[in-house]
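Some notes on the structure that comes next.
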Amino acid sequence: MFIDKVELTVSSGKGGAGCVSFHTEKFVTKGGPDGGDGGRGGSVFFKVDANTDTLSFYRGKRIMKAQNGRPGEGRKRSGKSGESLTLTVPPGTQVIDVESGEVLLDLTENGAVVEFLKGGKGGLGNTHFKGPTNQRPTYAQPGLPGESAAIRLELKSIADVGLVGFPNVGKSTLISSLSNARPEIANYEFTTLTPKLGVVQINEYESFMMADIPGIIEGASDGRGLGLDFLRHIERTKTLLFMIDATNYREMVYQLEALKEEILKYSEKLSQRAFAIAITKIDALPTDELNSKIDEFLEAISLSANDEAKKYGADENIHSFVQQKEDWEELDFSKPVFVLPISSVARINLDPLKYLLFNLVKSSQEKEES
31 MFIDKVELTV
41 SSGKGGAGCV
51 SFHTEKFVTK
61 GGPDGGDGGR
71 GGSVFFKVDA
81 NTDTLSFYRG
91 KRIMKAQNGR
101 PGEGRKRSGK
111 SGESLTLTVP
121 PGTQVIDVES
131 GEVLLDLTEN
141 GAVVEFLKGG
151 KGGLGNTHFK
161 GPTNQRPTYA
171 QPGLPGESAA
181 IRLELKSIAD
191 VGLVGFPNVG
201 KSTLISSLSN
211 ARPEIANYEF
221 TTLTPKLGVV
231 QINEYESFMM
241 ADIPGIIEGA
251 SDGRGLGLDF
261 LRHIERTKTL
271 LFMIDATNYR
281 EMVYQLEALK
291 EEILKYSEKL
301 SQRAFAIAIT
311 KIDALPTDEL
321 NSKIDEFLEA
331 ISLSANDEAK
341 KYGADENIHS
351 FVQQKEDWEE
361 LDFSKPVFVL
371 PISSVARINL
381 DPLKYLLFNL
391 VKSSQEKEES
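No gaps in the numbering here: position 160 of the sequence shown is 190 in the numbering used here, and each next residue is one more.
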């Protein structure tokens with residue numbers, strides 16, 4: 031089961047108490063204090079592991095605690111330190127304080143191990159309190175308490191390209207055609223109930239990550255449908271690919287405007303990402319009718335078809351729009367970087383789409399770094 035949000039209380043271990051003890055041995059009448067120190071309580075760590083893609087391990091768990099330190103013993107023997115608690119989470123997990131809503135940790139780097147709560151320090155044994163005026167101390171320190179926190183773990187998928195569209199527009203079919211992901215595909219709305227990630231391979235050394243987000247409906251940002259639960263999974267994406275169904279009963283312009291409005295309501299920052307448009311299911315329409323619909327759509331968003339996509343191997347008989355490559359350095363977020371008609375089933379324009387998306391991801395990365 032895909033779990034991307036859980037609440038639990040985590041605690042580090044309490045330090046062990048110091049020991050009150052006096053050395054006893056045959057022929058030694060006044061051995062003096064020899065109480066050992068208590069062991070340190072276990073700490074709480076978070077470990078980021080890319081082999082994990084869900085928080086399902088924590089489902090049903092309410093309290094997780096590191097071990098307490100053991101008390102000290104006689105003959106100056108220290109107590110054993112408590113075993114630390116390591117919580118393994120997927121990249122993209124945020125640790126949020128339940129009460130304040132503050133993001134305490136943002137865990138994005140695979141392999142990172144971060145200490146979250148320190149274990150309590152062990153108490154000193156009575157051997158530390160011996161002095162000229164107190165040669166027989168009868169007290170030792172208690173261990174210090176551990177730390178505790180009520181937290182919420184939220185997973186926000188990390189991807190380069192986030193697919194955005196109404197239900198049943200072909201997102202799952204596209205990600206299965208371009209990547210190693212194998213989502214469930216069927217001809218009804220809300221087939222995809224959980225986000226899916228797939229790696230799109232460009233060549234032996236280059237690739238990018240694509241995320242298939244469950245279909246968004248009108249009012250998703252207000253809590254309707256599945257959208258609110260999963261819109262957070264595109265927060266980290268560098269670029270958005272709006273998928274517009276050429277055969278849907280909704281007008282193509284309406285689909286685009288409705289999707290952009292929901293994203294703007296959810297996050298103004300997200301609405302400013304570079305974006306592109308893929309017009310899907312074009313194999314279901316005659317070429318003349320398709321081109322007429324594409325031209326009408328482009329005109330409605332103040333664009334006109336050009337031949338730039340043909341440089342990437344796009345079908346010459348189908349109209350499309352791609353911004354001039356030199357313009358990509360100064361991306362205009364108010365309009366799409368490209369509008370490309372595709373068919374995942376008939377594999378029309380899939381390679382051009384792959385290369386255009388890869389270039390767009392690289393341009394976005396360079397823009398962020400500059």
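C-beta atoms are modelled at their ideal positions from N, C-alpha and C, and glycine is treated no differently. For clarity, every value in this text was computed on a predicted model and none was experimentally measured.
Hey, could you find the ends of the beta strand (DSSP E) residue i is sitting in?
| i | result |
| --- | --- |
| V144 | 143-147 |
| I93 | 93-95 |
| A241 | 237-242 |
| K35 | 35-41 |
| T267 | Counting along the chain, T267 falls outside any beta strand (DSSP E), and DSSP gives it neither H nor E. |
| E184 | 178-185 |
| T310 | 304-310 |
| F75 | 74-78 |
| L115 | 115-119 |
| G192 | 191-194 |
One question on the structure: do residue i and residue j come within less than 8 angstroms of each other, judged by their Cβ atoms?
| i | j | result |
| --- | --- | --- |
| A306 | V367 | yes |
| G176 | L134 | no |
| G65 | G102 | yes |
| A170 | G45 | no |
| L115 | G72 | yes |
| V352 | I309 | no |
| G69 | S41 | no |
| V128 | A180 | yes |
| A142 | A189 | no |
| D318 | F196 | no |
| R27 | L174 | Outside the displayed range of the chain (31 to 400) lies residue 27, so it cannot be described from this structure. |
| L294 | I264 | no |
| V391 | L270 | no |
| T267 | G192 | yes |
| G104 | S178 | no |
| G155 | D67 | yes |
| K401 | T157 | Residue 401 is absent from the model: the chain starts at 31 and stops at 400. |
| G61 | Q165 | no |
Under the three-state reduction of DSSP, which class applies to residue i: helix, strand or coil?
| i | result |
| --- | --- |
| G253 | Low confidence applies here, because G253 scores a pLDDT of 48, under 50, leaving its location unreliable and the question unanswered by this model. |
| K365 | coil |
| T54 | coil |
| I324 | helix |
| T203 | helix |
| V125 | strand |
| Q353 | coil |
| F272 | strand |
| P371 | strand |
| P167 | coil |
| L380 | helix |
| D318 | helix |
| L333 | coil |
| D136 | strand |
| K226 | strand |
| E338 | helix |
| E396 | helix |
Take residue i and list the residues in its own chain whose beta-carbon comes closer than 7 angstroms to its own, dropping the five residues that flank it on each side.
| i | result |
| --- | --- |
| I215 | The predicted model places I215 with a pLDDT of 41, which falls under 50 and marks its position as unreliable; any figure quoted below should be read in that light. Here the set comprises S202, T203, S206, T221. |
| D345 | I378, N379 |
| A330 | V283 |
| H349 | N321, I324, D325, A335 |
Hey, is residue i's beta-carbon within less than 8 angstroms of any beta-carbon in chain D?
| i | result |
| --- | --- |
| G46 | Absent here is chain D; the protein component of the structure consists of one chain. |
Can you name, in chain order, every residue of its own chain whose Cβ lies under 6 angstroms from the Cβ of residue i, other than the five neighbours on each side?
| i | result |
| --- | --- |
| S374 | G200, T203, L204, S207 |
| Q172 | Checking the displayed sequence, the identity of residue 172 turns out to be Pro instead of Gln. So the list reads A47, G153, once near-sequence residues are dropped. |
| T277 | K311, A314 |
| S111 | G69, R70, G99 |
| G150 | K44, G45, G71, G173, L174, P175, G176 |
I'd like the list of long-range same chain contacts for residue i, defined as Cβ closer than 8 angstroms, with 5 residues on each side in sequence excluded.
| i | result |
| --- | --- |
| V119 | F76, K77, V78, D79, T82, L85, L137, L183, L185 |
| Q354 | E338 |
| N140 | V78, D79, A80, P121 |
| K290 | F272, S301 |
| E236 | F388 |
For the alpha helix (DSSP H) containing residue i, name the first residue and the last one.
| i | result |
| --- | --- |
| K290 | 282-296 |
With respect to 7 angstroms, is the separation between the Cβ of residue i and the closest non-hydrogen atom of the ligand ADP below this value?
| i | result |
| --- | --- |
| P162 | As for the ligand ADP, it is missing from this structure, which has no ligand bound. |
Problem - At least 3 beta-carbon pairs within less than 8 angstroms: the segment 380-387 vs the segment 229-238 - result: yes
Practice task
State whether the segment 331-343 contacts the segment 288-306, with contact taken as three or more CB pairs (one from each stretch) at a distance under 8 angstroms.
Solution key: no
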